[in-house]
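**Q**
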């Protein structure tokens with residue numbers, strides 16, 4: 331292409347993005363009923379892409395196990411201690427590697443919505459407060475949803491307990507999956523445990539900020555905001571084969587024993603996949 | 012269409028009461044409309060008659076049965092605590108008034124239906140709340156404000172009444188925040204501030220119910236009441252930031268801890284009144300209500316979704332010179348002589 335052609339193209343790009351910014355300032359953009367803003371999610375996507383390819387060098391296995399359309403539930407182990415990058419990287423993997431990329435919603439710990447700025451940032455990129463009503467509504471609308479049944483127990487576990495999958499709550503996600511007939515895809519995320527190695531907790535800061543806990547990592551809060559820089563561990567995400575629950579029929583969600591059975595089964599599948607993944611990944615940082 | 016018969020509207024001088032009276036006046040299924048309130052309405056009610064009575068007074072138990080209504084619609088619940096009407100004063104109107112009215116309804120012989128214009132504030136607002144409350148989720152979150160406890164209490168009495176009288180169709184409507192041209196409530200006055208203070212770091216998801224839909228749903232529920240609670244809410248939700256952008260308002264983020272005090276100060280200065288605690292919490296966490304029951308069972312399809320209501324509100328207010336909307340002749344603010 332000639333030099334003027336390139337310049338014209340560049341000028342066009344600048345003009346387009348200016349128009350987009352002005353349009354957004356006038357409120358002319360779309361947000362869905364949960365507050366998800368696709369344009370915003372696209373705008374921040376390059377950051378996740380950088381983290382995905384350069385920073386954490388994510389390897390993905392079995393991405394084709396994720397249904398390309400219709401309702402489905404991704405159930406993963408949780409870690410991160412400070413920010414749920416595991417959810418974001420799962421979403422990025424589906425966007426980048428899947429033949430039918432789509433935006434995946436995530437159920438997020440309730441207190442995240444009580445944190446200034448974090449609350450609406452998470453909402454705009456597709457986070458929804460974690461409760462069965464939201465999960466059931468999203469699946470009913472044929473959305474794809476990520477859940478982390480370990481919740482805060484998994485998210486905030488100390489570094490010494492890394493890759494040990496915690497108890498899976500009350501199994502509410504299985505109940506909803508049974509009721510809505512959604513397939514469950516177990517997911518094992520290796521690497522997120524090393525980004526913020528949690529050595530302890532600060533009770534004082536937790537009380538001051540209102541957060542359920544404030545982690546102490548080698549860098550945080552010692553280095554202040556700089557301590558929020560995640561360490562460049564090597565990641566591996568494995569999507570396991572989907573579990574079809576449609577055979578149980580309606581009403582199966584009320585069977586406590588069945589719900590706990592399925593929930594425990596999924597927990598074990600994730601745990602085994604984590605051990606396999608750890609071996610395959612090898613060194614955590616190099 | 013089933014014959015609705017004789018309708019008594021309690022609180023007919025409020026904006027919603029008189030709007031309902033005029034809407035029902037055009038409905039051939041409604042044979043007679045009688046309005047009750049403490050002071051006569053300032054707008055023409057059309058075919059409706061007016062009876063002066065106070066529901067807080069036990070005399071209502073003699074007046075109401077004499078009117079022999081088929082349907083009683085209670086529009087007298089005040090949904091927004093504000094400076095002139097603190098939540099303590101509202102307790103008297105809302106809880107005691109409803110209680111007296113229910114007692115009076117016990118004595119009405121052929122009552123077919125009771126419709127109450129209640130509030131979605133019963134659900135509250137919280138960071139971990141469901142994105143869309145369904146009707147069975149009332150009182151799931153702790154009741155944190157006085158007004159919320161009042162709404163919960165009067166719904167308790169209402170439920171009790173419904174249980175005791177299975178032959179009467181008792182319908183509790185839970186209204187989300189209404190907006191509309193010519194409407195006046197603390198939320199609209201908040202949006203009318205020269206610079207709108209928002210809570211820094213928070214951007215609530217709101218549902219804006221257009222006044223056309225608020226009246227339409229109330230009329231639809233009067234003609235076709237269903238048992239139990241029904242959310243009156245539009246489709247979808249809109250974030251406060253986008254609402255402000257669409258309506259071209261400038262805003263400034265203030266730390267949430269001082270937002271309440273600031274709104275009170277500014278409100279006193281400009282005569283707009285502050286924002287109740289319910290409003291402050293709503294403006295931090297937002298609230299969404301599921302409207303499937305309204306659509307499917309009451310059979311009312313809202314004409315505006317949240318975004319549509321916001322756009323209509325923005326368009327119709329554009330170019331208005333006054334900071335504040337001129338109160339509707341029947342609006343509670345006007346009748347309070349503000």
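Protein chains in written order, with our numbering: chain A, 331 to 616; chain B, 12 to 349. Yeah, the Cβ is synthetic: ideal placement off N, Cα and C, and Gly gets one too.
I need the straight-line Cα distance from residue 457 (chain A) to residue 233 (chain B), nearest angstrom please.
**A** Stepping through the first chain from its first residue, residue 457 (chain A) is reached at position 127. Stepping through the second chain from its first residue, residue 233 (chain B) is reached at position 222. The alpha-carbon atoms of residue 457 (chain A) and residue 233 (chain B) are separated by roughly 39 angstroms.
**Q** Enumerate in chain order the residues of its own chain whose CB-to-CB distance from residue 411 (chain A) is below 6 angstroms, with the five nearest sequence positions on each side excluded.
**A** Within the first chain, the letter at position 81 stands for residue 411 (chain A). Result list for residue 411 (chain A): 486, 526, 528, 545, in chain order.
**Q** If you drop the 5 nearest sequence neighbours on each side, which residues of the same chain put their C-beta closer than 7 angstroms to that of residue 293 (chain A)?
**A** Nothing in the structure corresponds to residue 293 (chain A), since chain A is present only between 331 and 616.
**Q** Of all the residues that make up the segment 196–228 of chain B, which are near chain C by a beta-carbon distance shorter than 7 angstroms?
**A** Absent from the structure is chain C; the protein chains it does hold are A and B.
**Q** Considering only residues of the same chain and omitting the five flanking positions on each side of residue 258 (chain B), which have a CB-CB separation below 6 angstroms?
**A** The residue labelled residue 258 (chain B) in the question sits at position 247 within the second chain. Here the set comprises 325.
**Q** Identify the contact partners of residue 256 (chain B) in chain A, using a Cβ-Cβ distance below 7 angstroms as the criterion.
**A** By 1-based counting over the second chain, the position of residue 256 (chain B) is 245. Residues of chain A passing the Cβ test: 355, 356, 357.
**Q** So that I know if they touch, is there some Cβ in chain A lying closer than 7 angstroms to that of residue 139 (chain B)?
**A** The residue given as residue 139 (chain B) occupies position 128 in the second chain. Cβ-Cβ to chain A under 7 angstroms: yes for residue 139 (chain B).
**Q** Tell me, please, whether the CB atom of residue 440 (chain A) is closer than 7 angstroms to any CB atom in chain B?
**A** Start at 1 with the first residue of the first chain, and residue 440 (chain A) comes out as number 110. Closer than 7 angstroms to some Cβ of chain B, the Cβ of residue 440 (chain A) qualifies, so yes.
**Q** I'd like the list of long-range same chain contacts for residue 168 (chain B), defined as Cβ closer than 7 angstroms, with 5 residues on each side in sequence excluded.
**A** For this step, residue 168 (chain B) is matched to residue 157 along the second chain. Once the five neighbours on either side are set aside, the close Cβ partners of residue 168 (chain B) are 109, 110, 113.
**Q** Only counting the same chain, and skipping five residues up and downstream in sequence, which positions put a Cβ closer than 8 angstroms to that of residue 551 (chain A)?
**A** Your numbering for residue 551 (chain A) matches position 221 in the first chain. If we look at residue 551 (chain A) and ignore the five residues flanking it on each side, its Cβ neighbours are 532, 535, 544, 557.
**Q** What does residue 247 (chain B) reach in chain A if we use C-beta pairs closer than 7 angstroms?
**A** For this step, residue 247 (chain B) is matched to residue 236 along the second chain. Within chain A, the residues near residue 247 (chain B) are 363.
**Q** Are the CB atoms of residue 25 (chain B) and residue 116 (chain B) nearer to each other than 7 angstroms?
**A** Residue numbering aside, residue 25 (chain B) sits at position 14 when the second chain is read from its first letter. Residue numbering aside, residue 116 (chain B) sits at position 105 when the second chain is read from its first letter. No.
**Q** Does residue 328 (chain B) have its Cβ less than 7 angstroms from a Cβ in chain A?
**A** For the purposes of this step, residue 328 (chain B) is taken as the residue at position 317 of the second chain. No, its Cβ sits nowhere closer than 7 angstroms to a Cβ of chain A.
**Q** With 16 other CB atoms within 10 Å as the buried threshold, where does residue 605 (chain A) fall?
**A** For the purposes of this step, residue 605 (chain A) is taken as residue 275 along the first chain, with counting starting at 1. In summary, residue 605 (chain A) is exposed, with fewer than 16 beta-carbon neighbours lying within 10 Å of its beta-carbon over all protein chains present.
**Q** Taking the C-alpha atoms as reference points, what is the distance between residue 196 (chain B) and residue 343 (chain A)?
**A** Reading the second chain from its first residue, position 185 is the one you call residue 196 (chain B). Reading the first chain from its first residue, position 13 is the one you call residue 343 (chain A). Cα to Cα, residue 196 (chain B) sits roughly 45 angstroms from residue 343 (chain A).
**Q** Would the segment 237–249 of chain B and the segment 178–195 of chain B be scored as touching if the rule is three or more Cβ pairs under 8 angstroms?
**A** Yes, the segment 237–249 of chain B is in contact with the segment 178–195 of chain B.
**Q** For residue 250 (chain B), which residues in chain A fall below 7 angstroms Cβ to Cβ?
**A** For this step, residue 250 (chain B) is matched to residue 239 along the second chain. Under the 7 angstroms cutoff, chain A gives 361, 365.
**Q** What residues of chain B sit near residue 444 (chain A), judged by a beta carbon separation below 7 angstroms?
**A** Residue mapping note: residue 444 (chain A) aligns to position 114 of the first chain, counting from 1. Neighbours of residue 444 (chain A) on chain B, chain order: 138.
**Q** Please work out which residues of its chain come closer than 6 angstroms, Cβ to Cβ, to residue 407 (chain B), disregarding the five sequence neighbours upstream and downstream, and give them in chain order.
**A** As displayed, chain B neither begins before 12 nor continues past 349, which places residue 407 (chain B) out of reach and without an answer.
**Q** Hey, could you find the ends of the beta strand (DSSP E) residue 435 (chain A) is sitting in?
**A** Sequence index remark: in the first chain, residue 435 (chain A) carries index 105 (1-based). For residue 435 (chain A), the enclosing beta strand (DSSP E) begins and ends at 435–438.
**Q** Cβ closer than 7 angstroms: which chain B residues qualify as neighbours of residue 447 (chain A)?
**A** Residue 447 (chain A) sits at position 117 when you count from the first residue of the first chain. Correct list: 212.
**Q** Using only alpha-carbon positions, find the residue among A:502, A:440, A:513, A:561 that is nearest to residue 541 (chain A).
**A** If you number the first chain from 1, residue 541 (chain A) lands on position 211. Out of A:502, A:440, A:513, A:561, A:440 has the C-alpha closest to the C-alpha of residue 541 (chain A).
**Q** In or out: residue 357 (chain A) buried (at least 16 other Cβ within 10 Å) or exposed?
**A** Counting from 1 along the first chain, the entry for residue 357 (chain A) is found at position 27. Buried, since its Cβ has 16 or more Cβ neighbours within 10 Å.
**Q** Report the rounded CA-to-CA distance for residue 17 (chain B) versus residue 128 (chain B), giving the unit in angstroms.
**A** Taking the second chain and counting its residues from 1, one reaches residue 17 (chain B) at position 6. Taking the second chain and counting its residues from 1, one reaches residue 128 (chain B) at position 117. If you take the alpha carbons of residue 17 (chain B) and residue 128 (chain B), they lie about 18 angstroms apart.
**Q** Secondary structure at residue 518 (chain A), three-state DSSP: helix, strand or coil?
**A** For the purposes of this step, residue 518 (chain A) is taken as the residue at position 188 of the first chain. Strand, per DSSP.
**Q** If you drop the 5 nearest sequence neighbours on each side, which residues of the same chain put their C-beta closer than 8 angstroms to that of residue 207 (chain B)?
**A** Position 196 of the second chain, counted from the start, is the residue given in the question as residue 207 (chain B). Once the five neighbours on either side are set aside, the close Cβ partners of residue 207 (chain B) are 201, 255, 260, 261, 262, 263.
**Q** With a Cβ-Cβ cutoff of 7 angstroms, do residue 463 (chain A) and residue 141 (chain B) count as a contact?
**A** In the first chain, the residue the question calls residue 463 (chain A) occupies position 133. In the second chain, the residue the question calls residue 141 (chain B) occupies position 130. Taking 7 angstroms as the cut-off, the Cβ atoms of residue 463 (chain A) and residue 141 (chain B) count as close.
**Q** Going along the segment 407–424 of chain A in order, which residues come within less than 8 angstroms of chain B, judged by CB to CB distance?
**A** none
**Q** Let me know the secondary structure DSSP gives residue 16 (chain B) once reduced to three states.
**A** Stepping through the second chain from its first residue, residue 16 (chain B) is reached at position 5. Residue 16 (chain B): strand per DSSP, three-state reduction.
**Q** Who does residue 531 (chain A) pair with in a DSSP beta bridge?
**A** For the purposes of this step, residue 531 (chain A) is identified with residue 201 of the first chain, where counting begins at 1. Residue 531 (chain A) is bridged to A:545.
**Q** Specify the secondary structure class of residue 567 (chain A) as computed by DSSP and reduced to three states.
**A** For the purposes of this step, residue 567 (chain A) is identified with residue 237 of the first chain, where counting begins at 1. Strand, per DSSP.
**Q** Candidates B:107, B:82, B:294: which alpha carbon is nearest residue 271 (chain B)'s?
**A** Position 260 of the second chain holds residue 271 (chain B). Closest by alpha carbon: B:294.
**Q** Per DSSP, residue 48 (chain B) is paired with what?
**A** Locating residue 48 (chain B) in the second chain gives position 37, counting from the first residue. Paired residues: B:63.
**Q** So, is residue 597 (chain A) buried or exposed, given that buried needs 16 or more other C-beta atoms within 10 angstroms?
**A** One-based indexing of the first chain puts residue 597 (chain A) at position 267. Residue 597 (chain A) should be labelled buried.
**Q** Is there a Cβ from chain B that is less than 7 angstroms from the Cβ of residue 459 (chain A)?
**A** Residue mapping note: residue 459 (chain A) aligns to position 129 of the first chain, counting from 1. Judged by the 7 angstroms Cβ criterion, residue 459 (chain A) is in contact with chain B.
**Q** Can you give the Cα-Cα distance for residue 443 (chain A) and residue 459 (chain A), rounded to whole angstroms?
**A** For the purposes of this step, residue 443 (chain A) is taken as residue 113 along the first chain, with counting starting at 1. For the purposes of this step, residue 459 (chain A) is taken as residue 129 along the first chain, with counting starting at 1. One C-alpha to the other measures close to 7 angstroms.
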